[in-house]
Structures are given as structure tokens and as C-alpha cells.
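Notes follow the structure.
Given below as C-alpha cells:
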């Protein structure tokens with residue numbers, strides 16, 4: 580039986596929530612399509628703002644090693660461009676040391692929910708790497724409920740307002 584492939588991402592500005600979804604028997608070309616949708620959704624986020632993300636990988640299966648290698652780097656490297664260090668980078672300490680973290684266009688990722696069907700992996704990640712800002716789930720509905728209800732802390736909102744004010748001042752001069 581062939582599973583349905585999903586490679587889609589969407590930005591929900593009213594919730595400050597980016598949802599990215601990859602599922603099915605996935606080849607390298609599918610991952611490239613998914614990554615393009617992910618970057619397109621990121622491009623829709625306003626400069627000097629914050630966002631939270633739901634990474635739905637439930638049902639994902641790389642069809643070969645090339646696809647798996649390509650997939651494995653997308654989330655941590657892309658989110659590093661928005662100041663987010665994915666919790667499970669703790670498994671790859673040497674690779675994590677070489678990563679560069681920045682805030683593309685002044686945008687900061689401040690919370691993440693991950694969903695995947697591998698119960699052993701998700702339990703390990705939840706136990707070792709979860710925090711009040713990042714959680715790991717086997718049930719995508721629970722992951723969505725958690726991230727949807729998670730509020731972006733006021734401190735981040737204040738810092739973004741400062742950045743916006745500073746940028747407006749610089750633009751005026």
C-alpha cells in the first residue's frame with residue numbers, strides 16, 4: 580500500500596504559528612519540495628517578530644538513506660536561522676558546536692512542538708530535551724493542541740517591540 584505524501588507548510592499570522600507537515604513514503608525530491616514550502620511559510624512572517632512552530636512528521640518514512648540524510652538537517656539548520664536550537668541537537672554535540680544561530684530579518688522562533696510516530700524516539704526526546712518551550716509527541720493532535728495553546732511570553736513581545744522601534748528610528752534617519 581502506498582501512503583499519501585504530504586509536504587506542506589503554512590503560516591497562521593493570527594496565532595503566530597507556522598505549521599510544517601511531511602508525511603508518507605518520502606524521496607529526496609519530496610523533501611526538497613517540503614523544504615521549499617517551509618521556507619515560503621517562513622518568508623511570510625513579518626520582520627522583527629516571533630513565532631512558534633508545529634513540526635508534524637507523523638507518518639514520515641524516508642525511502643532511502645539519501646532521503647533520510649537530506650531530511651535530517653532541514654529542521655535544525657533552518658530553525659537555527661531564526662535563533663532556535665532544536666532540543667535533540669544534544670544528541671549531535673560536535674555538529675551542534677559548528678552551527679551558527681542568527682535571527683534572519685529579526686525573526687525569532689520561541690517555541691516548538693514535534694510529532695512523529697516513533698514512540699521510542701519521541702519518549703527519549705521528551706524525557707531528555709523537552710522544556711517549557713519545546714515538546715515531543717507521538718500524537719499530532721496533542722502536539723497541535725499544546726503548541727496552539729502555548730502563549731509567546733511577554734518578554735519576547737517586549738524585545739520585539741524594542742527591535743521594531745530601533746529599526747523604525749534607523750529608517751527615519
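In the numbering used here, the protein residues as written are 580 to 752.
In this text, a Cβ means the ideal position worked out from N, Cα and C, and glycines have one as well.
Test item: CB-CB of residue i and residue j under 8 angstroms
{"i": "residue 634", "j": "residue 661", "result": "no"}
{"i": "residue 637", "j": "residue 696", "result": "yes"}
{"i": "residue 588", "j": "residue 628", "result": "no"}
{"i": "residue 679", "j": "residue 659", "result": "yes"}
{"i": "residue 632", "j": "residue 691", "result": "yes"}
Interface flag, residue i vs chain D, CB-CB below 8 angstroms
{"i": "residue 661", "result": "Checking the listed chains, one finds no chain D in this structure; it contains a single protein chain."}
Burial state of residue i (16 or more Cβ within 10 Å)
{"i": "residue 674", "result": "exposed"}
{"i": "residue 716", "result": "buried"}
{"i": "residue 689", "result": "buried"}
{"i": "residue 630", "result": "buried"}
{"i": "residue 670", "result": "exposed"}
Span separating the alpha-carbon of residue i from that of residue j
{"i": "residue 676", "j": "residue 714", "result": "22 angstroms"}
{"i": "residue 620", "j": "residue 699", "result": "30 angstroms"}
{"i": "residue 613", "j": "residue 733", "result": "32 angstroms"}
{"i": "residue 642", "j": "residue 654", "result": "19 angstroms"}
{"i": "residue 580", "j": "residue 602", "result": "Per-residue confidence for residue 580 stands at a pLDDT of 44, beneath the threshold of 50, marking its modelled position as unreliable; no derived number is given."}
{"i": "residue 668", "j": "residue 709", "result": "12 angstroms"}
{"i": "residue 644", "j": "residue 611", "result": "15 angstroms"}
{"i": "residue 727", "j": "residue 672", "result": "30 angstroms"}
{"i": "residue 599", "j": "residue 703", "result": "22 angstroms"}
{"i": "residue 720", "j": "residue 681", "result": "31 angstroms"}
{"i": "residue 593", "j": "residue 711", "result": "22 angstroms"}
{"i": "residue 705", "j": "residue 656", "result": "20 angstroms"}
{"i": "residue 722", "j": "residue 665", "result": "16 angstroms"}
{"i": "residue 650", "j": "residue 595", "result": "25 angstroms"}
{"i": "residue 597", "j": "residue 663", "result": "14 angstroms"}
{"i": "residue 622", "j": "residue 590", "result": "9 angstroms"}
{"i": "residue 701", "j": "residue 694", "result": "8 angstroms"}
Cβ separation of residue i and residue j, assumed to be a contact under 8 angstroms, to the nearest whole Å
{"i": "residue 640", "j": "residue 605", "result": "7 angstroms"}
{"i": "residue 609", "j": "residue 586", "result": "5 angstroms"}
{"i": "residue 626", "j": "residue 684", "result": "4 angstroms"}
Strand pairing of residue i, partner residues [DSSP]
{"i": "residue 629", "result": "687"}
{"i": "residue 598", "result": "589, 633"}
{"i": "residue 603", "result": "639"}
{"i": "residue 692", "result": "633, 714"}
{"i": "residue 682", "result": "661"}
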